[in-house]
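J.: My structure is below; once you've seen it, I'll send some questions.
Numbering (the UniProt record's numbering), first residue to last: 1 to 125.
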């Protein structure tokens, strides 16, 4: 997976950081270097059939990793960050039979999925 694709999607969000600046490549690059291999592995599991198990594993891995950005990104911006990462990975690795997943991640329902993953992993906030 080309890191540039995900990096472009993340920077294009224009997400504001807690310090009031816009999220940029130098801030995100170390995070990508650390977490992208695991996220790619989870996304590659979609190739064998994108079931809720694989989708949930990818969402939870992305949410868990994004929690490291909590000092930089507030909740809503962090959720948008997770969604951008997951959408990029699904576009890259999900098979054509998983069109339902692409449609789901492009719908308003995707925000609820991300929120549920955050609440499941971090019930106290």
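The beta-carbon is built from N, C-alpha and C at its ideal position, and this holds for glycine as well.
What is the rounded straight-line gap between the Cα of residue 26 and the Cα of residue 54?
T.: Within the chain shown, numbered from 1, the residue matching residue 26 stands at position 26. Within the chain shown, numbered from 1, the residue matching residue 54 stands at position 54. If you take the alpha carbons of residue 26 and residue 54, they lie about 30 Å apart.
J.: Does the segment 1-21 come close enough to the segment 52-66 to have 3 or more Cβ pairs within less than 8 Å?
T.: As far as the Cβ criterion goes, the segment 1-21 does not touch the segment 52-66, which means the pair count is below three.
J.: Is residue 97 buried or exposed, if buried means 16 or more other CB atoms sit within 10 Å of its CB?
T.: Working through the chain shown from its first residue, we reach residue 97 at position 97. Classification of residue 97: exposed, given that the 10 Å Cβ count is below 16.
J.: State buried or exposed for residue 133, treating a residue as buried only when at least 16 other CB atoms are found within 10 Å of its CB.
T.: Summary: the structure shown does not reach residue 133, with the chain confined to residues 1 through 125, and so no result is reported for it.
J.: Is DSSP giving residue 50 helix, strand or coil here?
T.: As a first step, residue 50 must be located in the chain shown, where it is residue number 50. Reduced to three states, the DSSP call for residue 50 is coil.
J.: So which of 112, 123, 115, 30 has the shortest CA-CA distance to residue 3?
T.: Your numbering for residue 3 matches position 3 in the chain shown. Nearest of 112, 123, 115, 30 to residue 3, Cα basis: 30.
J.: In terms of DSSP beta bridges, what is residue 22 paired with?
T.: The residue you call residue 22 lines up with position 22 of the chain shown. Paired residues: 16.
J.: Pop quiz: residue 84 and residue 9 are said to be a contact at Cβ under 8 Å. What is the actual Cβ separation, rounded to whole angstroms?
T.: As a first step, residue 84 is located in the chain shown; it is residue number 84 there, counting from the start. As a first step, residue 9 is located in the chain shown; it is residue number 9 there, counting from the start. Between residue 9 and residue 84 the Cβ distance is about 4 Å, and since that is below 8 Å, they are a contact.
J.: Put residue 33 into one of helix, strand or coil per three-state DSSP.
T.: Residue 33 sits at position 33 when you count from the first residue of the chain shown. Of the three classes helix, strand and coil, the one that applies to residue 33 here is helix, per DSSP.
J.: Ignore the nearest five residues each way along the sequence and tell me which others in residue 115's own chain have a CB closer than 8 Å to its CB.
T.: For the purposes of this step, residue 115 is taken as the residue at position 115 of the chain shown. Taken in chain order, the residues that qualify are 79.
J.: For residue 72, which residues in the same chain have their Cβ closer than 7 Å to its Cβ, ignoring the five residues on either side in sequence?
T.: In the chain shown, residue 72 corresponds to position 72, counting from 1. Closer than 7 Å at the Cβ level, and outside the excluded window around residue 72, lie 17, 18, 27.
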